[in-house]
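See structure below.
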Amino acid sequence: MKKILLVGGGGREHAIAHAISRSKREHELYAVMSKKNPGIAVLCEDFLLNSETDVDKVTEYAKNIGADIAVIGPEAPLAAGLADALEVIGIQSVGPKRAAAKLEFDKAWTRKFMQKHHIAGLPAFRVFSTGQEAQAHDYIDELGDVALKPAGLTGGKGVKVMGDQLPDLDAAKAYASELLKGDMVVIEENLKGEEVTVQAFVDGTHLAYAPSVQDHKRAYEGDLGPNTGGMGSYNDAGTLLPFMVEGDYIEAKGIMEDVIAKVKEETGEEYKGILYGQFILTAAGIRVIEFNARFGDPEAMNVLPLLETDFIDIAQAVAAGTLDTLDVRFSEKASVCKYAVPAGYPKDPVKDAPIEVGDMGKALLFFSSVYEADGVVYTTGSRAAAVVGIADTIAEAEVIAEQALSNVKGPLECRHDIGKKELIQKRIDHMKVLRGDNS
Ligand code: GLY
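Just so we're aligned: the sequence shown equals residues 107 to 545 in the numbering used here.
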């Protein structure tokens, strides 16, 4: 009997719990989450409602239940050193230790690390600290078109780029000055292209890759509005997105493999867990936007339901460093994931409003930032629930997702355009222009 502890209570963790629940191995699932996610709770023997970054409490709970292995979903407990603390009491984690998780929570460290180890895909960048305002402004002028990233964790929402949130150089300089009051800032060339997420299980040395996924960060249809944690995502049957060529996926995998080898060299820590690579395909080739030390949300909800290999076997292989002996497979299906978010999200979301989930038909439903009280599910103000359609084609998967979405009731909004033919064609056309393909 394997006792698995899942840490986290969002949509990504519901997808992980769902993958674990499909395991053929005799097991019991336990969870620590800050709010009661009803989708996770129903799959667990027991759960603890507690802050996921409270390392002492989570470790005590893991010990009490006799956990064999922990699966750490979000980045914050990784940054808090939860995998390190669990290892001290003999529990291995799917989730890297703090030194290796730096790849996600210290963007300045990661860019310098990539530079030092000559890892491909590095954009022009410089890191500035408090007191270096004038130098930062000069560098913004030098690049002319920039992206500004706070060095620390921001849930993907602190990044601002020119042409989007920053209308001009003055706005970029003002934002740099604001960031420099608190933290270091990474200033980079503004990359133009199509974004691709590649995720992999990692056992310290070997990587087992999931199919490529594309997320949609902007809140409103047509890629407009403020940035969010991600409004929905899709993958195509197989490993590539419709605008990718095989070489893009090979290059992305090569970069991720290099990162894992060099993290060990740089930190002395073996990276065990999930590596999330976010790439952008530009006219000049593939570039790295960022790495995360966990599955993407929503991207986890695309790939985990397609996983054919037993999740518990994978978790054990990650811990043991034997992933190369396991045939990690994903079914060759397309999927479309769409998030229902509270009306007004992300600027002025409706909080504590009840939502109801009706017939999901052939779709899967993953609860995210909600909580259950007396059998009623309420919004919190962040992304509430995601529906996932799975089929042979993106178009069929999109119809399945839309049908299900119409049965998620409440003061909710979504992006209906995700996975639709028009938006995908726009991506294909964009990439053709960038590659200089006139066909
Ligand atoms: N979907 C973006 C992220 O998980 O960081």
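In this text, a Cβ means the ideal position worked out from N, Cα and C, and glycines have one as well. On a predicted model such as this, the values are computed, not experimentally measured, just so you know.
DSSP bridge partner residues for Ser-339 (one or two, in chain order): Looking at the DSSP output, Ser-339 bridges to Asp-321 and Cys-443.
Coil, strand or helix - Tyr-281 by DSSP: Residue state, collapsed to three classes: helix.
Leu-135, DSSP secondary structure in three states: Leu-135 falls in the strand class under three-state DSSP.
Integer Cβ distance of Ser-199 from Leu-192, believed to fall under 8 Å: Cβ-Cβ separation between Ser-199 and Leu-192: approximately 5 Å, consistent with a contact (criterion under 8 Å).
Nearest-angstrom beta carbon gap, Ile-380 and Phe-401 [assumed within contact, 8 Å]: Taking a contact as a CB-CB distance under 8 Å, the pair Phe-401 and Ile-380 counts as one, their CB atoms being some 5 Å apart.
C-alpha distance - Ser-127 paired with Glu-504, whole-angstrom precision: Approximately 25 Å, taken between the alpha carbons.
Distance between Val-113 and Pro-144 (C-alpha atoms, nearest Å): Cα to Cα, the separation comes out at about 15 Å.
Nearest-angstrom Cα separation, counted from His-133 out to Ala-423: The straight-line gap from Cα to Cα measures roughly 16 Å.
Closer than 7 Å: Pro-202 CB and nearest the ligand GLY heavy atom: Within 7 Å of the C-beta of Pro-202 there is not a single heavy atom belonging to the ligand GLY.
Secondary structure of Met-290, DSSP reduced to three states: Reduced to three states, the DSSP call for Met-290 is coil.
DSSP-derived helix/strand/coil call for Gln-422: Here Gln-422 carries a helix assignment [DSSP, helix/strand/coil].
Top-ranked residue by Cα proximity to Gly-383, from Lys-359, His-536 and Tyr-281: Selection Lys-359, His-536 and Tyr-281 evaluated against Gly-383 yields Lys-359 as nearest (Cα-Cα).
Proximal residues to Ile-225 (C-beta, below 7 Å), its chain only, five neighbours per side dropped: The beta carbon of Ile-225 lies closer than 7 Å to those of Ile-361, Asp-364, Val-365 and Lys-368 in the same chain, with the five residues before and after it left out.
Asn-333 versus Asp-535: straight-line alpha-carbon distance, rounded: If I take the Cα positions, the gap works out to 23 Å.
Status (buried if at least 16 other CB within 10 Å, exposed otherwise) for Val-483: Its Cβ being crowded by 16 or more others within 10 Å, Val-483 is buried.
Beta-carbon proximity list for Ala-497, same chain, < 7 Å, skipping 5 on both sides: Around Ala-497, the same chain offers Lys-439, Ala-440, Ala-503 and Ile-506 as residues with beta carbons nearer than 7 Å, after the five sequence neighbours per side are excluded.
Cβ-based burial, Pro-404 [other Cβ within 10 Å; buried from 16]: The residue in question, Pro-404, is buried, as its Cβ has 16 or more Cβ neighbours within 10 Å.
As assigned by DSSP and simplified to three states, the class of Val-434: Note: Val-434 maps to coil in three-state DSSP.
Counted within 10 angstroms of its Cβ, other Cβ atoms place Glu-508 as buried (16 or more) or exposed: With 16 or more neighbouring CB atoms inside 10 Å of its own CB, Glu-508 falls in the buried class.
Asp-190 beta carbon near the ligand GLY (any heavy atom closer than 7 Å): Not so, every heavy atom of the ligand GLY lies at least 7 Å from the Cβ.
Close Cβ partners of Gly-187 (< 8 Å) along its chain, the five nearest in sequence each way excluded: Closer than 8 Å at the Cβ level, and outside the excluded window around Gly-187, lie Val-161, Lys-203 and Arg-204.
Euclidean distance between Cα positions of Pro-452 and Thr-431: Distance between the alpha carbons of Pro-452 and Thr-431 is about 44 Å.
Selected residue, minimal CA-CA separation from Ala-390, among Leu-249, Val-252 and Met-537: Nearest to Ala-390 by C-alpha distance, out of Leu-249, Val-252 and Met-537, is Met-537.
The alpha helix (DSSP H) enclosing Phe-385, as first and last residue numbers: Unbroken run through Phe-385 is the beta strand (DSSP E), 378–388; no alpha helix (DSSP H).
C-alpha gap between Leu-413 and Phe-436, whole angstroms: Going from the Cα of Leu-413 to the Cα of Phe-436 covers about 4 Å.
Rounded Cβ spacing between Thr-303 and Asp-321 (contact assumed at less than 8 Å): That belief holds up - the Cβ atoms of Thr-303 and Asp-321 are roughly 6 Å apart, short of 8 Å.
beta-carbon Gly-331 near the ligand GLY non-hydrogen atom, thresh 7 Å: Gly-331 Cβ: outside cutoff for every heavy atom of the ligand GLY.
Strand pairing of Asn-398, partner residues [DSSP]: For Asn-398, DSSP records a beta bridge to Tyr-382.
DSSP-derived helix/strand/coil call for Val-409: Under the three-state reduction of DSSP, Val-409 is assigned to helix.
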